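Remarks on the structure that follows.
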Amino acid sequence: MCDCTDHKDEIPAYDAQAIESKWMKAWEDSNLFAVDTDDSKPKKYVLEMFPYPSGDLHMGHARNYTIGDAMARQARMRGYDVLHPIGFDAFGLPAENAAIKHNTQAAAWTYKNMDQALATMKRMGFSYDLDRMVKTCSPDYYRWGQWIFEKLWEKGLVYRKKNPVNWCPNCKTVLANEQVTEGKCWRCGTEPEKRDLEQWYFKITEYSQELLDDLEKLPGWPERVKQMQANWIGRSEGAEVDFTLCDQDGEPIEGDEGKITVFTTRADTLFGVSFFVLAPEYAGLHELVEGTEYEEAVTKIVEDSKHISAVERAQGTLEKHGAFTGRYVVNPVNGEKVPVWVADYVVADYGTGAVMAVPCGDQRDFEFARKYDLPIVPIILDDDDRAAVEASGETIDTFHAETVDWDCAHAAEGTLVQSGKYTGMRGGKHSEGEAAIVADLEAMGCGRRKVEFRLRDWLISRQRYWGNPIPAIHCEHCGIVPVPEDQLPVTLPENLDLGAGETLAECKEFYETTCPVCGRPAKRETDTMDTFTCSSWYYLRYTDPHNTELPFSREAADRWMPVDNYIGGIEHAILHLLYSRFFTKALRDLGLLSVDEPFTNLLCQGMVKDENGDTMSKSKGNVVPPSSVIEPYGADTMRLAILFIAPPEKDFDWDPKAVEGANRFIKRAWRIVWQLVQSSDANVAFDKSALDEVAMKLYRERHRTIAKCTEDFDRGQFNTAISAVMELVNAASAYLNATEGADRDKALCYGVAKDIVSVLAPICPFWADELWHEALGCEGNAYTAAWPEFDLAESIEDTVQIVVQVLGKVRGRIDVARDASNEEMQAAAEEAVAKWLEGKTVVKAICVPGKLVNLVVK
């Protein structure tokens, strides 16, 4: 129970700077936001995606963190044991490039930015448990990233392999497939090249099916994010088909290299294969053409394709280029010899890197066949084409065409033609024709059922300095061996001359070591890990940040995981979110935690745009720093404006007028709370029966507002919750204007004042704590107080307005008791529209309770 204090008639001025400075210090001194770790309470883990410390925070950060902070504060008031931590995704290329540009060390630049960002976070009033802070560039953290790497290595989920990789010439490092967006480097926008390099991989494909299936366990995720992940994982059901490689005379090539396998979802179209295509990266391509007259043309296609991104090539929208290899394959269903080409529209990242081309049914194959004058054999007719054939007097069995005069490929669903014994069967995915052909291929030993995924293993090697060192040692005698666990972490050297281009590969102090197995001289791995490895498990370290024996204890992880509310941008739908799901499942299988998925509910907040509608970014120079709002108006005004302008998942244009409006409201609410308190007495017991009709309106609005705010907070719709509070403030103002001090209900005034402060406390915490202490005279903090209780039934008006009709035409509106009988409604209606009844007789009254009365007269 709060203790009432003496209040002056004069309302104190709202001084945001003084109030916020006062409470920022008070919260820090009392360590207010430390986790309770009270197992008797239900847990709530609220987490915003942690920032990269590239400088001070901007308004996009402010929106993300304000949303999460409002959720966390309200959950604490609702009785949850809340975990709400923060940290920094502190490794990465921007720090390295900035260090080079400013002639400093990456660590110095990064820690300076983290200090600045942390100061801004405190100024914005975010309720983080700073004792749990994680900085991924700290050896205390990345040691455990190395430990996890080695455990995954032991489990067979880490391997090293030479492969064609995406190389960014600007960032001077490789990129995972997921980091090539719209044909550009996700970081700098440069078109990557293809290079053959030996790199480290995480075997994420081991979890392809589970990653796909478990999307069904995430009803709290946006559907578009789940669809994006499903598309990226890309499950296809089909068959592998073996083609025998032969020379131009039809003689088969002996040995394993004499067989090329393709994956297809449409084995029913095998009779339409008129040519065969290999990707430029196909492993055995060079050997096929070496020393032949075709080598030069094929080599040119291979080299030219390196300058086109795999994404653009796979989309098939660019002009296609190819070259004949001089080789052929034998089609297993009809024994025909098919020419083998290399073409830049085929990529090695899907299937086997070899494609059986069916130009009648695939637009990319069709365009390539037209360009190089290759046959387009129709082997499937849709219902309209079949009807046309039969109308001409021809039958499906006798139909014959060696090519087509079409302008484009036709949809490959319909009746099979020119397909041997399968002619007349239905063709299509999972069709009768497809099933029959695959069964025969299996019987012949040249085909088999197969499920294929688009997802490829995660390439984690990076040829840059500022990242987590890969804990591996190369020994000429023992091969590649892990760094012993008691020697972790492998730490980065601090004295590299980045400005002069010095790298880990040139730093003898770093790479010279001894083999832990044989003791001979050896070389430390000089690649570092992709920074996404650091952000793929940080949410787990938050649960147990000071553990020196393990990355986190299973007990702590099982107490807090999964994250209940995760807030971050849609741009992380594939990269971070998919990798985090993989890490969670892999660590579960290592016995480190119990959950299958890391994030129960995902909120992808919208972008903050400038006044011209352009997304704010430092590169564009159009960011609005939080200080531009905090200095003139205060952090509470900024928080209120951010949450009120739009629903959190929607983009919005930054509007200075909205900030001014938020500031006007916060000052008005301040005034109303003080006025209510000055007419109140916290020690007077509330008595509903003593309320007159004017007071009952405010009483009902109080319950309606709390109910609405509770529901809207649960849905993350803070803008409508704020609107509801504005209506309560209006109702309180109307009550104060309609009454004199002595006539006001003292308990009601105090209760409404306290409720206004409480429901706004998660949004405007400094403002709320000042009123909590100085106006309401309460001990403690609004943050640790209980969320107001409500009874939705108490918000219902005793009367309801209904429509009165005479012969179906509206003639008036009246207020009647909500539980009025039909007879009472009719009597009140007849009295209200008496002039429309003069000289008439009411023969019938149609009464709809709470809605209308229609009087039928004659």
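Mapping of the sequence shown onto UniProt numbering: residues 1 to 858, in sequence order.
Beta carbons are placed, not taken as given, at the ideal position from N, Cα and C, and that holds for glycine.
Remember, predicted model here, so these are calculated numbers, not experimental data.
In the structure shown, K22 falls within a helical segment according to DSSP collapsed to helix, strand and coil.
Beta bridge pairing from DSSP links K667 with no other residue. Sequence-distant partners of H61 (beyond 5 residues in either direction) whose C-beta falls short of 7 Å from its own C-beta, in its chain, are P51. Straight-line spacing of the CA atoms in P280 and Y294 works out to 14 Å. Rounded to the nearest whole angstrom, the CA to CA distance from I67 to K122 is 15 Å. When rounded, the separation of the alpha-carbon atoms in L578 and Q229 is 7 Å.
I763: not part of any beta strand (DSSP E); DSSP gives it neither H nor E. Going by C-alpha positions, K708 is about 21 Å away from K650. Excluding residues up to 5 positions away in sequence, K41, P42, K43, K44 lie with their Cβ nearer than 8 Å to the Cβ of Y80 in the same chain.
Boundaries of the alpha helix (DSSP H) harbouring A98: 93–102, taken from the DSSP string. Straight through space, the alpha carbons of P252 and Y345 are spaced by roughly 27 Å. Remark: C-beta atoms of K337 and V330 approach each other more closely than 8 Å.
Per the coordinates, the alpha-carbon of P493 lies some 8 Å from the alpha-carbon of E509.
Nearest to P94 by alpha-carbon distance, out of A106, Q605, F88, is A106. Looking at the backbone, the Cα of N730 and that of V759 are separated by about 15 Å. Shown here, N468 sits in a strand according to DSSP, grouped into three states. By the CB criterion at 8 Å, D558 and I470 fall outside the cutoff. For Q248, there is no enclosing alpha helix (DSSP H), as DSSP marks it with neither H nor E. For E432, the enclosing alpha helix (DSSP H) begins and ends at 432–444.
Secondary structure note for W200: its beta strand (DSSP E) is the uninterrupted segment 193–202. Going by beta carbons, I437 and A267 fall inside the 8 Å limit.
Listed as beta-bridge partners of N166 by DSSP are L175, K194. Ranking G258, Y511, R818, A522 by CA distance to the CA of A793 puts R818 first.
Excluding residues up to 5 positions away in sequence, L498, G499 lie with their Cβ nearer than 8 Å to the Cβ of I100 in the same chain. Here the stretch 668–682 makes contact with the stretch 738–754; the two share three or more CB pairs at distances below 8 Å. For M726, the uninterrupted alpha helix (DSSP H) run begins and ends at 718–738, by DSSP. Remark: C-beta atoms of L197 and K162 approach each other more closely than 8 Å. Closest in alpha carbon position to K697, among K667, F713, A732, I666, is A732. Taking 8 Å as the cut-off, the beta carbon of V816 is found no closer than this to the beta carbon of T841. When DSSP reads this structure, L852 sits in a beta bridge with V803, V848. V595 sits in coil when the DSSP states are folded into three classes, being neither helix nor strand. Between the alpha carbons of E287 and K194 lies a distance of about 19 Å. The beta carbon of E485 sits closer than 8 Å to those of W147, E150, all from its chain and outside the five residues before and after it, given in chain order. Between the alpha carbons of E452 and S236 lies a distance of about 5 Å. Within 10 angstroms of the beta-carbon of L550 lie fewer than 16 other beta-carbons, which makes it exposed. By the Cβ neighbour-count rule, M444 is exposed, with fewer than 16 other Cβ atoms within 10 Å of its own.
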